[in-house]
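These protein sequences, in sequence, are chains Z and V. For the first sequence, the positions run 1 to 213 when our numbering is used. For the second sequence, the positions run 214 to 366 when our numbering is used. Backbone N, C-alpha and C define an ideal beta-carbon position, used for all residues, glycine too. Let me begin by presenting the structure, written as C-alpha cells, before commenting on it.
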Amino acid sequence: MARKKGRLTQEVNAGSMADIAFLLLIFFLVTTTIASDKGILNILPPKQDPNQPPPEVLLNERNIFNILVNANDQLLVEGEYLDNTEKLSEDLKDFILNFGAPDEEAVALYNSLPASLRNKAKRDPASSDHPMSGGAVVSIKTNRGTSYERYLEVLDQVKRAYFEIYAERVGLTADQYRALTGRTPAERELQDRGKEGIPMAISIAEPDKIGGN
Amino acid sequence: MSKFKKKTGTSQNIPTSALPDIIFMLLFFFMVTTVLREQEILVEQKIPQATQLQKLEKKTLISYLYIGKPKNTGMFGTEPRVQANDVLINTKDIVLWVNQEKDKLSEAERDMITISMKVDRDVKMGPISDVQFELREADARRILYAAVGKVQN
Numbered sequence: 001m002a003r004k005k006g007r008l009t010q011e012v013n014a015g016s017m018a019d020i021a022f023l024l025l026i027f028f029l030v031t032t033t034i035a036s037d038k039g040i041l042n043i044l045p046p047k048q049d050p051n052q053p054p055p056e057v058l059l060n061e062r063n064i065f066n067i068l069v070n071a072n073d074q075l076l077v078e079g080e081y082l083d084n085t086e087k088l089s090e091d092l093k094d095f096i097l098n099f100g101a102p103d104e105e106a107v108a109l110y111n112s113l114p115a116s117l118r119n120k121a122k123r124d125p126a127s128s129d130h131p132m133s134g135g136a137v138v139s140i141k142t143n144r145g146t147s148y149e150r151y152l153e154v155l156d157q158v159k160r161a162y163f164e165i166y167a168e169r170v171g172l173t174a175d176q177y178r179a180l181t182g183r184t185p186a187e188r189e190l191q192d193r194g195k196e197g198i199p200m201a202i203s204i205a206e207p208d209k210i211g212g213n
Numbered sequence: 214m215s216k217f218k219k220k221t222g223t224s225q226n227i228p229t230s231a232l233p234d235i236i237f238m239l240l241f242f243f244m245v246t247t248v249l250r251e252q253e254i255l256v257e258q259k260i261p262q263a264t265q266l267q268k269l270e271k272k273t274l275i276s277y278l279y280i281g282k283p284k285n286t287g288m289f290g291t292e293p294r295v296q297a298n299d300v301l302i303n304t305k306d307i308v309l310w311v312n313q314e315k316d317k318l319s320e321a322e323r324d325m326i327t328i329s330m331k332v333d334r335d336v337k338m339g340p341i342s343d344v345q346f347e348l349r350e351a352d353a354r355r356i357l358y359a360a361v362g363k364v365q366n
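Structure, rendered in C-alpha cells:
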C-alpha cells in the first residue's frame, strides 16, 4: 500500500528563480558605488612654530624647478610659458637626473642607475646638481584663485616623473611600480630600491593672495 | 529534392536552466562589492582626474573630508564648504574633528592617520590651502587627494 509515488515528479518549480534573482541583481546594481580609495598621496610639511621663524634653507636657484600656476590656470615653468602639462614630466626627469655638480655620493648613485637613466644626465651646469636630498627640488606655487583641477594636474605630472624614474631603476613599468603595496618584503625591497637616494622633493608653497578669496 | 530542406526533429530551444545560476553569480558579485552609503554628501562632488593614482593600504586609517559647493545653496550659500562626517563644518573646526578621528584609532596608529580630501574640481586653491593649514596645525599631515583614473595617452 505505502508505495512510492512513482509518476509524480518531485521538483520545485524553478522557473521564476531567474526573475527573483534579476530583481535582486537590479537592486544591487543601482545601489552599488564601488568604493575607490585612490588618489595622489601628499605629505604636508610640519606645523610652523610661531615663535620660531622657519629654518632658512639655502638652495641655489639652479637646484629648484619652479612651477607657477596663476589664477587663470596659466603655467610658468622655469620662467617659460607653457600651454599644457604634456611635456612637463619629461622636463622634470631631465631636471632631476641632470647631475650638474655631483659629489662623491651622487657619483656612486649615478653609477648605480641603469643606462637609460644615465643617458638623461646632461651635466648642464645651469640645472640641478644631483637628485639626492638638498639637490633637486621641485617647487609648485599657486594662487588662491588657481583651480584645484589644474593644481592636481601639475602635481600628477610631477609624481609621474618621479614614479617613472623609480620604476625604470627596478625594471618595472610605472604602473607596476605604483601598484606595489609594500605588503610583502619582496615588494618593499623593490619600492625601497626604486626610491633609494632620489627622494621626492616636492615643495608646495603657500598660495599667494592674488585672484581668490 | 531540395538539399535545403528543413531539419525536423531537433528542438530549437536554448536551454535556460543555467540562467538562474548565472544571474546569482552576478548578484553575489554586486552584493559583495556594494558599500551602502552611510552618509549623505551635502556638497557637490565631481572628483578630478589624474593618472598617478596610489591605493592606500589600510582603510581604517582614512578619514574623509568633502570639499565643494553646497548642494543646498539656499541654505549654505555658494562658497565652497567642508563636510566632515555628515555635517558642514567651518575651517577652524577641522582641528577638533581631526582629534576626534584620531581618538577612534589605537595609540600606535594615530600618527598614521590619512585624510582623504574629496574635492570638487571647481574649487579654487584658496579654501584648500586653508584646510591644509588647519590639518598641519592638527598634525594630520598625510593627505590623499582623491582622484579618478584617466586613460593615459
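Inter-residue Cα distance where the pair is Glu196 (chain Z) and Ala106 (chain Z): In a straight line, the C-alpha of Glu196 (chain Z) is about 12 Å away from that of Ala106 (chain Z).
Does DSSP put Asn111 (chain Z) in a helix, a strand or coil? Collapsing the DSSP output to three states places Asn111 (chain Z) in a helix.
8 Å Cβ cut-off: residues of chain Z touching Asp324 (chain V): Going along chain Z, no residue has its Cβ under 8 Å from Asp324 (chain V), so there is no contact; the nearest lies around 12 Å.
Pairs of beta-carbons, one from the stretch 127-139 of chain Z and one from the stretch 320-334 of chain V, closer than 8 Å: are there three or more? Touching, no, given that fewer than three Cβ pairs across the two stretches are closer than 8 Å.
Roughly how many whole angstroms lie between the Cα atoms of Phe289 (chain V) and Ile254 (chain V)? Straight-line Cα distance between these residues: approximately 14 Å.
If you measure beta-carbon to beta-carbon, which residues of the stretch 295-327 of chain V are closer than 9 Å to chain Z? Residues of the stretch 295-327 of chain V that bring their beta carbon within less than 9 Å of a beta carbon in chain Z comprise Thr327, in sequence order.
Within the continuous alpha helix (DSSP H) that includes Ala174 (chain Z), where are the two ends? Looking at the DSSP string, the run of the alpha helix (DSSP H) that includes Ala174 (chain Z) is Ala174 to Ala179.
Tell me the residue span of the beta strand (DSSP E) that contains Met330 (chain V). Counting along the chain, the beta strand (DSSP E) containing Met330 (chain V) begins and ends at Thr327 to Val332.
Residue span of the beta strand (DSSP E) that contains Leu269 (chain V), given as start and end: Leu269 (chain V) -> no beta strand (DSSP E), and no H or E assigned at all.
Looking at C-alpha atoms only, which residue of Z:Tyr177, Z:Arg188 and Z:Gly145 is the closest neighbour of Asp73 (chain Z)? Taking only the C-alpha atoms, the option nearest Asp73 (chain Z) is Z:Gly145.
Once you ignore the five residues that flank Pro199 (chain Z) on each side, which residues in its own chain have a CB closer than 7 Å to its CB? Excluding sequence neighbours, Pro199 (chain Z) sits near Ser133.
Determine whether the beta carbon atoms of Gly194 (chain Z) and Ala174 (chain Z) lie at a separation below 8 Å. The Cβ atoms of Gly194 (chain Z) and Ala174 (chain Z) lie no closer than 8 Å to each other.
Determine whether the Cβ of Leu88 (chain Z) lies closer than 8 Å to any Cβ atom of chain V. So no, Leu88 (chain Z) is outside the interface.
In angstroms with no decimal places, state the Cα-to-Cα distance between Leu180 (chain Z) and Gln191 (chain Z). Distance between the alpha carbons of Leu180 (chain Z) and Gln191 (chain Z): 7 Å.
Would Leu113 (chain Z) pass as a contact of Arg169 (chain Z) if the rule is Cβ separation under 8 Å? Their beta carbons are under 8 Å apart, which means Leu113 (chain Z) touches Arg169 (chain Z) by this criterion.
What did DSSP end up calling Val256 (chain V) once you bin it into helix, strand or coil? Val256 (chain V): strand per DSSP, three-state reduction.
In whole angstroms, what separates the C-alpha of Met1 (chain Z) from that of Met238 (chain V)? The predicted model places Met1 (chain Z) with a pLDDT of 49, which falls under 50 and marks its position as unreliable; any figure quoted below should be read in that light. Near 45 Å, if we compare the C-alpha coordinates of Met238 (chain V) and Met1 (chain Z).
Tell me whether the stretch 292-305 of chain V and the stretch 59-72 of chain Z touch, counting them as touching only if at least three CB pairs, one residue from each stretch, are closer than 8 Å. The answer is no - the stretch 59-72 of chain Z does not touch the stretch 292-305 of chain V, with fewer than three Cβ pairs under 8 Å.
Would you report the Cα separation of Ile40 (chain Z) and Pro50 (chain Z), rounded to the nearest angstrom? Cα-Cα distance, rounded: 30 Å.
Just checking my contact of Ala360 (chain V) with Pro261 (chain V) at CB under 8 Å: how many whole Å lie between their CB atoms? That pair is a contact at about 6 Å.
Can you tell me which of Z:Thr31, Z:Leu23 and Z:Glu153 puts its alpha carbon nearest to the alpha carbon of Tyr86 (chain Z)? Note that residue 86 (chain Z) is Glu in the sequence shown here, rather than Tyr. When each option's Cα is compared against that of Glu86 (chain Z), the closest is Z:Glu153.
According to the neighbour-count rule (16 or more other Cβ atoms, all chains shown, within 10 Å of its Cβ), is Asn285 (chain V) buried or exposed? By the Cβ neighbour-count rule, Asn285 (chain V) is exposed, with fewer than 16 other Cβ atoms within 10 Å of its own.
Which residues mark the beginning and the end of the beta strand (DSSP E) in which Gly39 (chain Z) is found? Lys38 to Ile43 is the span of the beta strand (DSSP E), which, as asked, contains Gly39 (chain Z).
The beta strand (DSSP E) enclosing Leu82 (chain Z), as first and last residue numbers: Where Leu82 (chain Z) is concerned, the enclosing beta strand (DSSP E) stretches over Glu80 to Leu82.
So the beta strand (DSSP E) Arg169 (chain Z) belongs to, where does it begin and stop? Not the beta strand (DSSP E): Arg169 (chain Z) falls in the alpha helix (DSSP H), residues Tyr148 to Val170.
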